[in-house]
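Q: Residue numbers (full-length UniProt numbering): 1 to 285.
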Amino acid sequence: MNASYSTLIGARELAEHLDDPDWRIVDCRHDLADTSFGRAAYERGHLPGAHFLHLDEDLSGRMTGTNGRHPLPDPADFTARLGRIGIGNDTQVIAYDDAGGMFAARLWWMMRWLGHRRVAVLDGGLVAWCAAGQALTTKTPSVRPTTYSLSLQPAVVDAAFVLDHLYTGDIMLIDARSPDRFRGENETLDPVGGHIPGAKNRFFRDNLVGGGCFKQASVLREEFGALLKGRDAHRVVHQCGSGVTACHNLLAMESAGLSGSRLYAGSWSEWCADPCRPIATGPEE
C-alpha cells in the first residue's frame, strides 16, 4: 500500500519518495511585499521534481475590491491548474515554502477544500530540506497532464455567515494575525485596522518552534484545547488578513487531531471593506 500523508511530512521521509510516480511536490514560496519573489526563488533552486504555484495567480481568484486580498479561485479553474502539473485525485501532494508553512498551508487547505486527503506540508520547509543535506535543482520537471474531478467540501464560510453568527455564541472565530495587527496597531496591509468583534487571537507563528517546524501534535492539542475551552472544532471558524495564514492554524489543529473547523476565506481584508460591518480594536474582549 502506498504511503499517505495528510498533514505534515519530514524532509527525510519526503526524500525517500522523490521518485514515486504518484507524488507531486509544489513550491509555494511567496513574499507579500514582493510578489515576484517566489517564482524567482524557484528558478534559483527548488526541490527536485517540484512545480511552482503562485499565491496570487494560482491559489487566488480575481479581486473585486470587496472580496479580500486573496479570494478563493473558481474551483474549476483551480482543478484545471492542478491537472496541468499532473495532480489528479489520487496524487500525493507535498507543499513547501521557506516561511514555516505560511504559504504552503494555503495549498494544503485548498486541496482539502477539494476533498483531497493525500496532501501534506513539508515540516520546516526549504530550511529543513537543506539542513537534512538534501539537494536543490534548477531543472523544471517534465509533466504528464491529467484531469482532476471536483468534490467540494463544506470547509469555507462567507462574510454573511460570520455576520449572522457574530453574537450568537455558536461559533468561535480565531484570528491568525500578529497580536498588534489584531489590536488594530501597525496595520500596513489593509486600509482599516482592528478585528472582527468576538474573535480570539492565535498568531500562526505560535504553532512553530525554532527552525520553522511545527510543534509536536500533543503540544498543539493542549494549546488549542486551552483556547477552545471544550468547544467542538466543528464550531470553529478561522480567519486572518486574507485567508492565507488562517490555513496555518487549520493545519495545526488538524495535525493535533482537532478536525472539522472551517475557513472564512475573505477574512479581515474583505470584512473591513464594508463600513457597515462592525469592527473592534484593542485586546480580546
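Backbone N, C-alpha and C define an ideal beta-carbon position, used for all residues, glycine too.
Using a Cβ-Cβ cutoff of less than 7 Å, which residues in the same chain neighbour R12 once the five nearest sequence positions on both sides are dropped?
A: The residue labelled residue 12 in the question sits at position 12 within the sequence shown. A132, listed in sequence order.
Q: Looking only at its own chain, which residues have a Cβ that is under 8 Å from the Cβ of M1, when we skip the five neighbours before and after it?
A: Looking up residue 1 in the sequence shown gives position 1. Residue confidence for M1 is low, a pLDDT of 40 falling below 50, so the modelled location carries little weight; the figure read from the coordinates is stated next. Contacts found: none.
Q: By Cβ distance below 8 Å, which residues in the same chain neighbour T138 in space, the five residues on each side in sequence not counted?
A: As a working note, residue 138 is residue 138 in the sequence shown. Answer for T138: E43, R44, G45, H46, listed in chain order.
Q: Over what stretch of residues does the beta strand (DSSP E) that includes V93 continue unbroken?
A: On the sequence shown, position 93 is the one that residue 93 refers to. Counting along the chain, the beta strand (DSSP E) containing V93 begins and ends at 92-96.
Q: Measuring CA to CA, which of E254, D20, G211, G260 is closest to D232?
A: Indexing the sequence shown from 1 puts residue 232 at position 232. For D232, the nearest C-alpha among the options comes from G260.
Q: Let's see if you can read the secondary structure: which residues bound the alpha helix (DSSP H) around A105?
A: Numbered from its first residue, the sequence shown carries residue 105 at position 105. 104-113 is the span of the alpha helix (DSSP H), which, as asked, contains A105.
Q: Nearest to W113 by alpha carbon, out of I174, R262, M102, L55?
A: The residue you call residue 113 lines up with position 113 of the sequence shown. Nearest option by C-alpha distance: R262.
Q: What does a CB cutoff of less than 8 Å around A159 pick up in its chain, not counting 5 residues either side in sequence?
A: Locating residue 159 in the sequence shown gives position 159, where the first residue counts as 1. Only Y264, G266, E270, W271, D274, R277 meet the Cβ criterion.
Q: Would you mind reading off the limits of the alpha helix (DSSP H) that contains H248?
A: Against the sequence shown, residue 248 aligns to sequence position 248. Segment 246-255, the alpha helix (DSSP H) holding H248.
Q: I9: buried (16+ other C-beta within 10 angstroms of its C-beta) or exposed?
A: Against the sequence shown, residue 9 aligns to sequence position 9. Classification for I9: buried.
Q: Expressed to the nearest angstrom, what Euclidean distance is found between the alpha-carbon atoms of R221 and S255?
A: Numbered from 1 along the sequence shown, position 221 holds the residue referred to as residue 221. Numbered from 1 along the sequence shown, position 255 holds the residue referred to as residue 255. Approximately 8 Å, taken between the alpha carbons.
Q: If I94 and H51 are in contact, beta carbons under 8 Å, what's the gap, nearest whole angstrom?
A: For this step, residue 94 is matched to residue 94 along the sequence shown. For this step, residue 51 is matched to residue 51 along the sequence shown. That pair is no contact at about 11 Å.
Q: State the DSSP-derived secondary structure class of H195, mapped to helix, strand or coil.
A: On the sequence shown, position 195 is the one that residue 195 refers to. Correct three-state label for H195: strand.
Q: Closest to G211 by CA distance: which of L163, A226, A128, E223 is it?
A: Stepping through the sequence shown from its first residue, residue 211 is reached at position 211. Minimum Cα distance to G211 is reached at A128.
Q: Going by C-alpha to C-alpha distance, which of V143, F214, A280, R24 sits closest to R181?
A: On the sequence shown, residue 181 is found 181 positions in, with the first residue counted as 1. Checking every option, the nearest Cα to that of R181 belongs to A280.
Q: My assumption, with CB atoms under 8 Å, is that G83 sits in contact with T146. Please give the rounded CB distance.
A: The residue given as residue 83 occupies position 83 in the sequence shown. The residue given as residue 146 occupies position 146 in the sequence shown. The beta-carbon distance between G83 and T146, rounded to whole angstroms, is 5 Å. This is short enough to meet the 8 Å contact definition.
Q: Please name the residue or residues paired with residue 288 in a DSSP beta bridge.
A: Given that the chain is displayed from residue 1 to residue 285, the structure contains no residue 288 and the question cannot be resolved.
Q: Near R24, what residues of its chain come up, given a Cβ to Cβ distance below 8 Å and the 5 sequence neighbours on each side ignored?
A: Taking the first residue of the sequence shown as 1, we reach residue 24 at position 24. Excluding sequence neighbours, R24 sits near G49, H51, I85, G86, I87, T91, Q92, V93, I94.
Q: Are the CB atoms of H238 and N207 nearer to each other than 8 Å?
A: The sequence position of residue 238 within the sequence shown is 238, counting from 1. The sequence position of residue 207 within the sequence shown is 207, counting from 1. Cβ atoms of H238 and N207: not closer than 8 Å.
Q: When you compare only the Cα positions, how much space is there between I171 and V236?
A: For the purposes of this step, residue 171 is taken as residue 171 along the sequence shown, with counting starting at 1. For the purposes of this step, residue 236 is taken as residue 236 along the sequence shown, with counting starting at 1. Going from the Cα of I171 to the Cα of V236 covers about 6 Å.
Q: Let me know the secondary structure DSSP gives L220 once reduced to three states.
A: Locating residue 220 in the sequence shown gives position 220, counting from the first residue. Three-state result, L220: helix.
Q: R202: which of L250, L163, F37 sits nearest, CA to CA?
A: Counting from one through the sequence shown, the residue named residue 202 turns up at place 202. It is L250 whose Cα lies nearest to the Cα of R202.
Q: Measure from the alpha carbon of T66 to the alpha carbon of each residue in E285, D190, H195, G257, then state which is nearest.
A: As a first step, residue 66 is located in the sequence shown; it is residue number 66 there, counting from the start. Measuring from the Cα of T66, the nearest candidate turns out to be D190.
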